[in-house]
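Asks: Note that the working numbering has the sequence shown beginning at 1, numbered continuously upward.
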Amino acid sequence: MLKTETYTTTEPSPPYDRAAIFDEDGPFDPSFISEALRTMMRTLPLDPAEPRGWSYRRMHSAMTALSALHVRDEIEIMLGVQAMSAYHAAAACWRIGMNIRRPNGDSTRHITAAASAARAFDSLLRALERRQAKPLSIPIGRPAPRVWTPSDPGVAMLKVEARCRRGEAGPEPAPPDPSEPSTTWTQEDLIVAEAFLERERIEKENKGLDIANTEGILPGGGMIFPENATPQQEAYMGRRLALMYKREYEENLRKGIKEYPKIRGIRPGDLIP
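(1) Is leucine 37 helix, strand or coil by DSSP?
(2) By a C-beta neighbour count over all protein chains shown, 10 Å radius and 16 as the cutoff for buried, is methionine 157 buried or exposed?
(3) Find out if the Cβ-Cβ distance for the pair methionine 84, alanine 62 is shorter than 8 angstroms.
(4) If we ignore side chains and look at the alpha-carbon of each, how far apart do glutamate 35 and glycine 256 end up?
(5) Just to confirm, is the Cβ distance from arginine 57 to leucine 44 under 8 angstroms?
(6) When we look at the beta-carbon of valine 192 and count the other beta-carbons within 10 Å, is it buried (16 or more) or exposed?
(7) Ignore the nearest five residues each way along the sequence and tell me which others in histidine 88's own chain have a CB closer than 7 angstroms to its CB.
(8) Is glycine 269 buried or exposed, if buried means 16 or more other CB atoms sit within 10 Å of its CB?
(9) Suppose the cutoff is 7 angstroms on Cβ atoms and the five residues either side in sequence are ignored; what does the same chain contact list for threonine 4 look like?
(10) Measure how close the beta-carbons of leucine 69 and glycine 53 come, nearest whole angstrom, since I'm counting them as under 8 angstroms.
(11) Please say whether alanine 162 and alanine 118 have beta carbons closer to each other than 8 angstroms?
(12) Under the assumption that serine 31 contacts serine 151 (Cβ atoms under 8 angstroms), give the Cβ distance between them as a whole number of angstroms.
(13) For proline 231, which residues in the same chain have their Cβ closer than 8 angstroms to its Cβ, ignoring the five residues on either side in sequence?
(14) By the 10 Å Cβ neighbour count, where 16 or more other Cβ atoms means buried, how is isoleucine 272 classified, buried or exposed?
(15) How long is the line joining the alpha carbons of cysteine 93 and proline 48, rounded to whole angstroms?
(16) In the DSSP assignment, find the unbroken alpha helix (DSSP H) run with proline 153 in it and report its ends.
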């Protein structure tokens, strides 16, 4: 008969430190985990009048609850922070709805908000569990430490901004040829040019109209709709209305609205711009 021997080892498995995610040499970038913690702490219902020890206890409990989710990457940290925020929102609303108002429990608005936040907490936990592939697996051993290179978020974002702005201004213009004469516009020249362009615009808008025999034209180009309009006034107001609807349609297109403007009725006394 063959004799079989079994060997056992008493060497324990390395302890799993779930709070290692908060360490400077933990598995996540310290800059990211610091921002995640700051975001979560800002959602805590802290009372400035309560003892400092109570506030510390609440903040430490939130970190303990986040580590209990056994997050494995940055996305799961974000889900965990949202879940903790929903829990704290529910707890704060329960307290307001049940204890702050008088008589107790008469604030249905806050009770409804608390119930919604509690459902959001449950949904986020389910989303996290689905991502971690049920049943939830807990890694063995402490996460391996890493040496993180210090980084400046401001410098990193400036580099990203510069990369995204490439080509924004188009190609660099060629330097002026010193041998060619240059034109310098004075302020008086600009005033004359603007007046000339404005006159051209008005002449184009009023082309074909008998402006000389049209009474009632306002200094800005508008007209008050008269009780008995002359043919010249009717033609002028028709042109002004057409221009008004055209400008309105172009403005709507710039805003992403493709519908034609609605034709609005006019009556004597209305201003035709």
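Beta carbons are placed, not taken as given, at the ideal position from N, Cα and C, and that holds for glycine.
Model, not experiment: these values are computed from the prediction.
Replies: Taking the structure as given:
(1) helix
(2) Exposed: under 16 other Cβ atoms inside 10 Å.
(3) yes
(4) 37 angstroms
(5) No, the Cβ-Cβ distance between arginine 57 and leucine 44 is not below 8 angstroms.
(6) By the neighbour-count rule (16 or more Cβ atoms within 10 Å), valine 192 is not buried but exposed.
(7) Excluding residues within five positions, the ones whose Cβ falls inside 7 angstroms are Thr43, Leu44, Pro45.
(8) It counts as exposed.
(9) Unreliable placement is indicated for threonine 4, whose pLDDT of 47 sits below 50; the coordinate value is still reported in the next sentence. Cβ neighbours of threonine 4 beyond the five flanking positions: none.
(10) Incorrect: roughly 26 angstroms between the Cβ atoms, too far for contact.
(11) Taking 8 angstroms as the Cβ cut-off, alanine 118 and alanine 162 do not qualify as a contacting pair.
(12) Confirmed, Cβ separation roughly 6 angstroms.
(13) none
(14) buried
(15) 18 angstroms
(16) Element bounds for proline 153: 153 to 164.
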